[in-house]
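Protein chains in written order, with my numbering: chain A, 1098 to 1383; chain B, 251 to 370; chain C, 393 to 669.
Virtual Cβ for every residue (Gly too), placed ideally from N, Cα, C.
Just so it is clear, the structure is predicted and the values come from calculations on it, not from any experiment.
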Amino acid sequence: MKKILVLSGKGGTGKTTITAALIDLLHIDAFADCDIDAPNLHLIEVPKHTAKKMPFRGMDIAVIDPDKCDGCGKCYDACRFDSIIKEADGKCRVDEFACEGCFVCQLVCPQNAVTAKDNVVGTTQVFKDEKVFSTAILHMGSGNSGKLVSEVKKNLYENVDDQELAIIDGSPGIGCPVIASLSGIDLAVMVTEPTLSGLSDLRRIVKTARSFKTPVSLIINKSDLNDSIANDIIKYAKEEDIPCLGNIPYDKEVSKAINKNVSLANIDCPASRAIFVIKDKMMKLI
Amino acid sequence: MKIAMATLEESMGTKLDQTFGRAVYFLFHDTENGENKFIENPARNASGGAGIKSAQTLVDEGVEALIVFRLGSNAVQVLEGANVKCFRAVDESAQVNLDKFIAGELAKLEDFHPGYHHTK
Amino acid sequence: MNIAVLSGKGGTGKTFVSTNLANIIESSTYLDCDVEEPNGRIFFNNTDGIKKEEVFRLLPSIDKEKCIGCRACVDFCRFSGLAFLGNAPMLFPEICHSCGGCEKICPTGAITEVDFNVGIVQINKYKDTKVVSGLLNIGEASSIPVISRVLEEIENTSVIDCPPGSACSTMESIKRADYCVLVTEPTVFGLHNLKMIVELVQLFKIPFGFVLNKVEDPKNTLIEDYVKTVNKDILIKIPFSKEIANKVASGTLITDTNKDMKDLFETLLVKIQKGCE
Chain A
1098 MKKILVLSGK
1108 GGTGKTTITA
1118 ALIDLLHIDA
1128 FADCDIDAPN
1138 LHLIEVPKHT
1148 AKKMPFRGMD
1158 IAVIDPDKCD
1168 GCGKCYDACR
1178 FDSIIKEADG
1188 KCRVDEFACE
1198 GCFVCQLVCP
1208 QNAVTAKDNV
1218 VGTTQVFKDE
1228 KVFSTAILHM
1238 GSGNSGKLVS
1248 EVKKNLYENV
1258 DDQELAIIDG
1268 SPGIGCPVIA
1278 SLSGIDLAVM
1288 VTEPTLSGLS
1298 DLRRIVKTAR
1308 SFKTPVSLII
1318 NKSDLNDSIA
1328 NDIIKYAKEE
1338 DIPCLGNIPY
1348 DKEVSKAINK
1358 NVSLANIDCP
1368 ASRAIFVIKD
1378 KMMKLI
Chain B
251 MKIAMATLEE
261 SMGTKLDQTF
271 GRAVYFLFHD
281 TENGENKFIE
291 NPARNASGGA
301 GIKSAQTLVD
311 EGVEALIVFR
321 LGSNAVQVLE
331 GANVKCFRAV
341 DESAQVNLDK
351 FIAGELAKLE
361 DFHPGYHHTK
Chain C
393 MNIAVLSGKG
403 GTGKTFVSTN
413 LANIIESSTY
423 LDCDVEEPNG
433 RIFFNNTDGI
443 KKEEVFRLLP
453 SIDKEKCIGC
463 RACVDFCRFS
473 GLAFLGNAPM
483 LFPEICHSCG
493 GCEKICPTGA
503 ITEVDFNVGI
513 VQINKYKDTK
523 VVSGLLNIGE
533 ASSIPVISRV
543 LEEIENTSVI
553 DCPPGSACST
563 MESIKRADYC
573 VLVTEPTVFG
583 LHNLKMIVEL
593 VQLFKIPFGF
603 VLNKVEDPKN
613 TLIEDYVKTV
623 NKDILIKIPF
633 SKEIANKVAS
643 GTLITDTNKD
653 MKDLFETLLV
663 KIQKGCE
């Protein structure tokens, strides 16, 4: 099964909208939403029935027994992650959101007051009928995004039958969740916009993807918002040997459709026509 | 010498696991006495560094050769540091892979992928 | 006063709002905590007198002479950052979380800690705004050390441009905020992700208000309807305009060139100040 990952570097360039359109135009029936911090794919690819939900455990975190704690503060001094809170009564407590799970506090505690506890940091969801849709939500403040992204992909792969193509909606940025989503990907599709921010972020995400030897390709969305920068992007792509799949013009109809939970594949407008051409170019690369 | 493989089940007829760091089981075959031992991979549910942990398990077991489909660069660093030779698995049972290895028919594993922290 | 600007969904206009807000405030500080993809510096593009400083985290360094091979460090590490090979531990820098545990547990003092570069902080001046940008090195998984360093430059009235989402990097960015501006757009995506960061700022008990950006259709009341349910106000509404988008695309500070926009942002500032009282 070939795997496509849609990334952008900069947020808001149109990853989810374009991923949904590609899913419908190409009749892809294996897909995942790896933007676990702010998942949106389910708002367009609305599942018809309920999902198999599973709690997702992150790393164990530390917990301090207040009966054993004598307020010496050694844990507070040793913690590198600002995760120990000194209470009014002098005793120490672990901030569950900030705890990194290193257990240095346990190492230095003279009273053996620190133990480990389970930490549910999110929920995975798998919808399966003729299609397989794997997604998840990460509870706020959590730092386990990489592990959850891997779990979402694993759930997708474990539930597919003989699908030949899977597409994954990625997250913005270049950090943990993006790095985790890149493993095993056959083609990364970068969605950018003609702004200086978009181009700057594109450079960084391309570098990130290539450091993992992932082939990359490019779509310029809202391409007519600034022709000069759109041309700069095309020039950059040529210099870096990145195949351009196409340009999509800014189109008011897009947000109208999205707000009705309708995929671009199901309406006729300049943007959807552009994606129609793009999908063929993309399939040639794969 | 001890030979290791990543397997899906605890039997010689099982297929090999496509991953290493998060493999379900490890098989150790001792060529001196022909014994086969299976263990559950302790790194399977590690949140990160699974490749490193799995490689450490093999090194501690005294493995000299590993038959596997793919390896991340972190696991390779550990294995190479301990002189474990890596060979490319074939999509057959553990027994077939073992027989082919002994007959000298398995190729060396040359290309590795970069570490993916928190993934493999 | 420290004003954090966040959004949940990417691309709604955090940087647009925070750069222009910082621009109209006298002697302000602008802090870009979106260290994975920092863009504020594109708008405050005066590089005269720019200062750059490396940001470090600590990595263990092992003295093989002193190591007795007890493996206490390897066994302690929760992240598998150390493996034991032959006669000494081997470090995996990208895996190491810099917790300092191995250095503490080593019985012979064979482990010391050394600096490892994870990114940079750069500081420049644009008119009377101090501009602080953090930039995370490619391949580094955690933004936290760079964000913490950026926030050390808080001074006078500070506008903090946060990363998208509501994960640990966003939480770190709002720790010192007195007020949070939540920027959204009138789409189902915007609304869905907005609810998550509302939860976040409510958890932190920070006063907040909304800015609705890219408004095109007056009949679309998606966000207005939601805002009523949390008993808050939309501080300002910014209309979508292709001309403005075009200017912003090329790095223009719109409050420098467009009087209506300047007035709109002045209104925003007044409302934020009221919200802090």
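{"Check": "Could you tell me whether the Cβ of C498 (chain C) comes closer than 7 Å to any Cβ of chain A?", "Outcome": "no"}
{"Check": "Could you tell me the boundaries of the beta strand (DSSP E) in which C1341 (chain A) lies?", "Outcome": "1341 to 1345"}
{"Check": "Taking beta-carbon pairs under 8 Å, can you tell me which members of the stretch 475 to 501 of chain C lie near chain A?", "Outcome": "H489, S490, C491, G492, G493, K496, I497"}
{"Check": "Would you say T404 (chain C) and V575 (chain C) are within 7 Å of each other, going by their C-beta atoms?", "Outcome": "yes"}
{"Check": "Provide the residue span of the alpha helix (DSSP H) that contains I1181 (chain A), from first to last.", "Outcome": "Looking at the DSSP string, I1181 (chain A) is not in any alpha helix (DSSP H); the run it does join, the beta strand (DSSP E), is 1181 to 1183."}
{"Check": "Could you tell me which chain B residues have their CB closer than 7 Å to the CB of M1156 (chain A), listed as they occur along the chain?", "Outcome": "S297"}
{"Check": "Could you pull out every unbroken alpha helix (DSSP H) segment of at least 4 residues lying fully inside the stretch 1153 to 1239 of chain A, listed in chain order?", "Outcome": "1171 to 1175, 1201 to 1205"}
{"Check": "Between C560 (chain C) and chain A, is there a C-beta pair that is closer than 7 Å?", "Outcome": "yes"}
{"Check": "Would you report the Cα separation of K1183 (chain A) and K1214 (chain A), rounded to the nearest angstrom?", "Outcome": "20 Å"}
{"Check": "I'd like to know whether the C-beta of S453 (chain C) is nearer than 7 Å to at least one C-beta of chain B.", "Outcome": "no"}
{"Check": "DSSP state of D625 (chain C), grouped into three classes?", "Outcome": "coil"}
{"Check": "Go through the stretch 486 to 534 of chain C residue by residue and report every complete run of the alpha helix (DSSP H) that reaches 4 residues or more, in order.", "Outcome": "493 to 497"}
{"Check": "Could you check if N333 (chain B) is buried or exposed, using at least 16 other CB atoms within 10 Å of its CB as the buried criterion?", "Outcome": "exposed"}
{"Check": "Would you please verify whether the beta carbon of G331 (chain B) is less than 7 Å from any beta carbon of chain C?", "Outcome": "yes"}
{"Check": "So which residues on chain C does N291 (chain B) lean against when the C-beta distance must stay under 8 Å?", "Outcome": "None at all; the shortest Cβ gap to chain C is about 13 Å."}
{"Check": "Round the Cβ separation of V427 (chain C) and G526 (chain C) to the nearest angstrom and send it over; I've been treating them as touching at under 8 Å.", "Outcome": "4 Å"}
{"Check": "Taking the alpha helix (DSSP H) that V427 (chain C) belongs to, which residues open and close that run?", "Outcome": "Unbroken run through V427 (chain C): none, as it is neither H nor E."}
{"Check": "Let me confirm a value: Q1222 (chain A) is counted as buried when at least 16 other C-beta atoms fall within 10 Å, else exposed. Which label applies?", "Outcome": "buried"}
{"Check": "If you run the structure through DSSP and keep just helix, strand and coil, what is N1328 (chain A)?", "Outcome": "helix"}
{"Check": "7 Å is my cut-off, CB to CB: does A1135 (chain A) come that close to chain C?", "Outcome": "yes"}
{"Check": "Taking G1240 (chain A) as the reference, which of A:T1292, A:C1196, A:A1129 has the closest Cα?", "Outcome": "A:C1196"}
{"Check": "For N1252 (chain A), which residues in chain B fall below 8 Å Cβ to Cβ?", "Outcome": "Within chain B, no residue comes near N1252 (chain A); the closest Cβ sits about 14 Å away, beyond 8 Å."}
{"Check": "Can you list, in chain order, the stretches of the beta strand (DSSP E) that have 3 or more residues and sit fully within the stretch 1120 to 1158 of chain A?", "Outcome": "1127 to 1130, 1149 to 1154"}
{"Check": "Using a Cβ-Cβ distance under 7 Å, would S472 (chain C) count as near chain B?", "Outcome": "yes"}
{"Check": "Nearest-angstrom Cα distance between I454 (chain C) and R470 (chain C)?", "Outcome": "18 Å"}
{"Check": "Within the chosen definition, does the stretch 417 to 435 of chain C reach the stretch 613 to 627 of chain C through at least 3 CB pairs nearer than 8 Å?", "Outcome": "no"}
{"Check": "With DSSP collapsed to three states, give me the class of L266 (chain B).", "Outcome": "strand"}
{"Check": "Determine, for K1171 (chain A), whether the minimum Cβ-Cβ distance to residues of chain B falls below 7 Å.", "Outcome": "no"}
{"Check": "Excluding the five sequence neighbours on either side, which residues of its own chain have a C-beta within less than 8 Å of the C-beta of K303 (chain B), listed in chain order?", "Outcome": "G271, P292, A293, A296"}
{"Check": "Could you give the distance in angstroms between the alpha-carbon of S642 (chain C) and the alpha-carbon of L528 (chain C)?", "Outcome": "23 Å"}
{"Check": "From B:L277, B:A353, B:L359, B:T281, pick the residue whose C-alpha is nearest to that of G322 (chain B); which is it?", "Outcome": "B:L359"}
{"Check": "Contact criterion: CB-CB distance below 7 Å. Does K1244 (chain A) meet it with respect to chain B?", "Outcome": "yes"}
{"Check": "Tell me the DSSP secondary structure of E355 (chain B) in three-state form.", "Outcome": "coil"}
{"Check": "I'd like to know if V326 (chain B) contacts chain C, where contact means its C-beta is closer than 7 Å to some C-beta of that chain.", "Outcome": "no"}
{"Check": "Residues bridged to P1099 (chain A) by DSSP?", "Outcome": "A small correction: the amino acid at residue 1099 (chain A) is Lys; Pro does not occupy that position in the sequence shown. According to DSSP, which records beta bridges pairwise, K1099 (chain A) is partnered with A:L1262."}
{"Check": "Measuring only the C-alpha atoms, how far is A464 (chain C) from D1179 (chain A)?", "Outcome": "25 Å"}
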